Amino acid sequence: MLKKDEQLEQYRSDNDGKKLTTNQGVRITDDEHSLKAGQRGPTLMEDFHFREKMTHFDHERIPERIVHARGYAAHGVFEVYESMKEYTKAGFLQDPGAKTPVFVRFSTVAGSRGSGDTVRDARGFATKFYTEEGNYDLVGNNIPVFFIQDAIKFPDLVHSFKPEPHNEMPQASTAHDTFWDFVANNTESAHMIMWAMSDRAIPRSFRMMEGFGVHTFRFVNDQGKARFVKFHWKPVLGVHSLVWDEAQKIAGKDPDFHRRDLFEAIEMGDYPEYELGVQMIDEEDEFSFDFDILDPTKVWPEEQVPVKIIGKMTLNKNVDNVFAETEQVAFHPGHVVPGIDFSNDPLLQGRLFSYTDTQLSRLGGPNFHEIPINRPVCPFHNNQRDGMHRMTIDRGPVSYHKNSLQKGYPQTSSVEEGGYEHYQEKVDGKKVRQRSESFADHYSQARLFWNSMTPVEKQHIVKAFCFEVGKVKSKDVQQQVVNMFSNVDVSLAEEIALSVGAKVPENAAAVDVSATSPALSQEKTAKSPKTRKVAVLVDKGFDYAEVTAVLQELKSAGVMPEVVGRHLGNVLSADGQPLEAQKTFLTTDSVLYDGVYVAGSEGFLESVKKMPEVADFITDTFKHFKTLGASGIAAELVVSLCEGKGIVSEEAGVLLNEAGGDSASFGKKLVEAVTVDRHWVRVQQ
Ligand code: HDD
Numbered sequence: 001m002l003k004k005d006e007q008l009e010q011y012r013s014d015n016d017g018k019k020l021t022t023n024q025g026v027r028i029t030d031d032e033h034s035l036k037a038g039q040r041g042p043t044l045m046e047d048f049h050f051r052e053k054m055t056h057f058d059h060e061r062i063p064e065r066i067v068h069a070r071g072y073a074a075h076g077v078f079e080v081y082e083s084m085k086e087y088t089k090a091g092f093l094q095d096p097g098a099k100t101p102v103f104v105r106f107s108t109v110a111g112s113r114g115s116g117d118t119v120r121d122a123r124g125f126a127t128k129f130y131t132e133e134g135n136y137d138l139v140g141n142n143i144p145v146f147f148i149q150d151a152i153k154f155p156d157l158v159h160s161f162k163p164e165p166h167n168e169m170p171q172a173s174t175a176h177d178t179f180w181d182f183v184a185n186n187t188e189s190a191h192m193i194m195w196a197m198s199d200r201a202i203p204r205s206f207r208m209m210e211g212f213g214v215h216t217f218r219f220v221n222d223q224g225k226a227r228f229v230k231f232h233w234k235p236v237l238g239v240h241s242l243v244w245d246e247a248q249k250i251a252g253k254d255p256d257f258h259r260r261d262l263f264e265a266i267e268m269g270d271y272p273e274y275e276l277g278v279q280m281i282d283e284e285d286e287f288s289f290d291f292d293i294l295d296p297t298k299v300w301p302e303e304q305v306p307v308k309i310i311g312k313m314t315l316n317k318n319v320d321n322v323f324a325e326t327e328q329v330a331f332h333p334g335h336v337v338p339g340i341d342f343s344n345d346p347l348l349q350g351r352l353f354s355y356t357d358t359q360l361s362r363l364g365g366p367n368f369h370e371i372p373i374n375r376p377v378c379p380f381h382n383n384q385r386d387g388m389h390r391m392t393i394d395r396g397p398v399s400y401h402k403n404s405l406q407k408g409y410p411q412t413s414s415v416e417e418g419g420y421e422h423y424q425e426k427v428d429g430k431k432v433r434q435r436s437e438s439f440a441d442h443y444s445q446a447r448l449f450w451n452s453m454t455p456v457e458k459q460h461i462v463k464a465f466c467f468e469v470g471k472v473k474s475k476d477v478q479q480q481v482v483n484m485f486s487n488v489d490v491s492l493a494e495e496i497a498l499s500v501g502a503k504v505p506e507n508a509a510a511v512d513v514s515a516t517s518p519a520l521s522q523e524k525t526a527k528s529p530k531t532r533k534v535a536v537l538v539d540k541g542f543d544y545a546e547v548t549a550v551l552q553e554l555k556s557a558g559v560m561p562e563v564v565g566r567h568l569g570n571v572l573s574a575d576g577q578p579l580e581a582q583k584t585f586l587t588t589d590s591v592l593y594d595g596v597y598v599a600g601s602e603g604f605l606e607s608v609k610k611m612p613e614v615a616d617f618i619t620d621t622f623k624h625f626k627t628l629g630a631s632g633i634a635a636e637l638v639v640s641l642c643e644g645k646g647i648v649s650e651e652a653g654v655l656l657n658e659a660g661g662d663s664a665s666f667g668k669k670l671v672e673a674v675t676v677d678r679h680w681v682r683v684q685q
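When the letters of the sequence shown are read in order and numbered with full-length UniProt numbering, they come out as residues 1 to 685.
See the structure below:
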């Protein structure tokens, strides 16, 4: 058991086999009737059980996070691959054998706590490392840059993307006037907007997205030597996304799509894994780049500053209680340990104030560090006292430093004893409300991103712009957005302009979009069939030998097939053999799978005639570029439904198996096609 788990164990409680009591421990005889004066009479004030139960219920809700309200979390473990002693003295990065407990919360940014998972948005990726030297929080996103360069603009940014205050619409969406008005008037957002309009903003799964610390931090080693560092999480399963139409449909069919995916993967033992990578720049090279390394709207292109993979995180345990753990966890980029320090990035500096401050109202006082999920696993002692919900019983009369009555305890530590020493950066400047000229280039990296995309990725970005800006009502704002993005690429601006009825400015200069950073594209990401979900559509009269052979192939490759039928329970094959359907054509939908395999039978054709949902299963799978397999008479059906909608061929991920064909090799081909993921060749130009 990891140390954090042991600690949490003390607080876990089970009702199984227990008597119902009040919070004071008094046993209760009846929990269904309030105490009344006569069976039909009024309820009595002295009913302490009623009062206590109702009062507690009345106060069950706490304020949701101002951003990142909707999130889902899991426990896990982090292990470093090799000692990082040369670069940092951080204890948890020294010993490859050491296991550091972690707690990770993934989130969307804009939506309320009850909003859908698959909205277009950045995703939060916040990790708490419970190290022996204190908690270290890496509070990042799945996008490596941010909208703004100075934290003082954060309230403005958030006000612009939250639902508009006069009518509280739209929920969990940036497709509205105030957001795009903010963008067009704050052009430093250009680079982040390119990412937000890309497939990165609609991940297939929390398990299949990257994480980034975004800011430049510092590593400091035991010699006091510092280096600038950026943090990356790289998912072992690769980076994969949904397509926009699918994402929107999932938001209705299963708003919990991402949390369900994470929860189920962990329950099944398919533990999500992410490798930790660092990019490092020597202090001497601070000014060697054509961007300012302190600017949070810039990446350090991986081709210029390689990512060194240094360890792995495995998420292996779901929470026991979402409120107690996921909701009450409090992250803070200012929670650092010796060996990790800050840079002067003005966005980071502002964050260092905001996070503790927000917990004061969200978690109701200054003692939120005592909530079990937030407690460090190492001892913590100081002279802070009292406040709402204080749990620790501090003994003795002394609560001040320095003292003699308690022999100076709790004592400070020297650096050698592990005391945190801030990096002694020399700072000299006039007090000014200004931004460095070196932050003024808002477009080069937006262009770099755009130019590093494949044609399909570009097409998705264009469509996302057309959707989002198309929902804006103000013609003026639409025009401003077109003007702004003509600085990234005129052809991009032309497409947006055409779609929203605006004009590309006549003086728009053809900008140089020749530089690329191939690492920015998802195209070459790791691809694996593992944990991919395939719907197996069956109806009465299917070929039992074929379906079981295909199921076998899928399962042995780590694919997760789910049998879907007209009704739950056993579906009978042509030779009378039963196969259990776990879902029905009504309770699930093609958008919830990575591929669909249709086992042909007369019964299936009947279902297609009777239920339009069944044909949608096929056409949507095709439309979303996912693997589509069909056998026997379903093969003809697939061809007739999909021809005219794009390319129907094996190369395009449409696999047809004649009745009586070799089912095992058909199953293998299905696995290969699911591994490829999306079959973009179907895209009709
Ligand atoms: Fe933030 C939450 C990530 C800029 C202020 N932020 C929050 C969470 C994540 C991030 C992942 C959710 C943590 C959780 O799951 O509980 N935030 C970022 C990143 C940023 C960023 C990657 C830019 C690089 N944030 C940022 C700025 C400010 C804040 C500039 C304010 C100055 N963020 C907050 C907050 C939140 C928060 C209001 C809301 C809930 C919370 O802190 O605990 O304080």
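All C-beta atoms, glycine included, are put in the ideal place defined by N, C-alpha and C.
Predicted model, so just to flag it, every value in this text is computed and none were measured.
Asked, Found
"Candidates Asp181, Phe182, Ser160 and Val183: closest to Ala172 by CA position", "Ser160"
"Same chain only: Cβ atoms within 7 Å of Met388, ignoring 5 sequence neighbours per side", "Gly364, Gly365 and Asn367"
"Contact set for His75: own chain, Cβ-Cβ below 6 Å, skip 5 residues either direction", "Phe103 and Lys317"
"Among Ser590, Ala557 and Leu537, nearest to Val564 - alpha-carbon criterion", "Leu537"
"The ligand HDD heavy atom lying under 7 Å from the CB of Ala330", "yes"
"Under 8 Å between C-beta atoms of Val158 and Val67", "yes"
"Beta-ladder partner(s) of Gln279, from DSSP", "Lys230"
"heavy atom of the ligand HDD below 7 Å from Phe467 C-beta", "no"
"At least three beta-carbon pairs within less than 8 Å, the region 236-252 to the region 517-528", "yes"
"From Ser499, Ala502, Leu498 and Val336, residue whose alpha carbon lies closest to that of His422", "Val336"
"Check: Gly350 C-beta below 7 Å from any heavy atom of the ligand HDD", "yes"
"Contacting residues, own chain, Cβ-Cβ under 6 Å from Val415 (five flanking each side not counted)", "Glu421"
"Euclidean distance between Cα positions of Trp180 and Val477", "7 Å"
"Element boundaries [beta strand (DSSP E), containing residue 689]", "Only positions 1 to 685 of the chain appear in the structure, and residue 689 is not among them; the question remains open."
"Rounded separation between Gly334 and Lys426 - CA only", "20 Å"
"Residues near His624 by beta carbon distance below 6 Å, same chain, minus five either side", "Val243 and Glu246"
"Three CB pairs or more closer than 8 Å across the region 272-287 and the region 605-615", "no"
"Cβ pair Pro96, Glu86 closer than 8 Å", "no"
"Whole-angstrom C-beta distance between Ser631 and Val543, which should lie under 8 Å", "Here residue 543 is Asp; the residue named in the question, Val, does not match the sequence. Confirmed, about 7 Å."
"Burial state of Phe323 (16 or more Cβ within 10 Å)", "exposed"
"Whole-angstrom distance between Arg70 and Val119, CA atom to CA atom", "11 Å"
"Strand pairing of Phe103, partner residues [DSSP]", "His75 and Lys128"
"Proximity test, residue 726 beta-carbon vs the ligand HDD heavy atom, cut-off 7 Å", "Any property of residue 726 remains undetermined from this structure, which presents the chain solely from 1 to 685."
"Leu592 and Lys253 closer than 8 Å at C-beta", "yes"
"Tyr136 in three-state terms, based on DSSP", "strand"
"Inter-residue CB distance, Ile340 and Phe228 (contact presumed, cutoff 8 Å)", "Ile340 to Phe228, Cβ: 12 Å. No contact."
"Contacting residues, own chain, Cβ-Cβ under 8 Å from Lys609 (five flanking each side not counted)", "none"
"Closest residue to Val513 among Val500, Glu494, Ala502 and Trp450 (Cα-Cα distance)", "Trp450"
"Contact under 8 Å by Cβ, Leu637 with Leu605", "yes"
"As assigned by DSSP and simplified to three states, the class of Ser665", "helix"
"Outcome for Tyr72 when other beta-carbon atoms lying within 10 angstroms are tallied against a minimum of 16", "buried"
"As assigned by DSSP and simplified to three states, the class of Lys475", "helix"
"Beta carbon proximity, Gly600 to chain E, threshold 8 Å", "Of the protein chains in this structure there is only one, and it is not chain E."
"Unbroken stretches of the alpha helix (DSSP H), 4 residues or longer, contained in the region 506-572", "544-556"
"Gln359 Cβ short of 7 Å to the ligand HDD heavy atom set", "yes"
"Backbone secondary structure at residue 694 - three-state DSSP", "Absent from the structure is residue 694, since the part of the chain shown begins at 1 and ends at 685."
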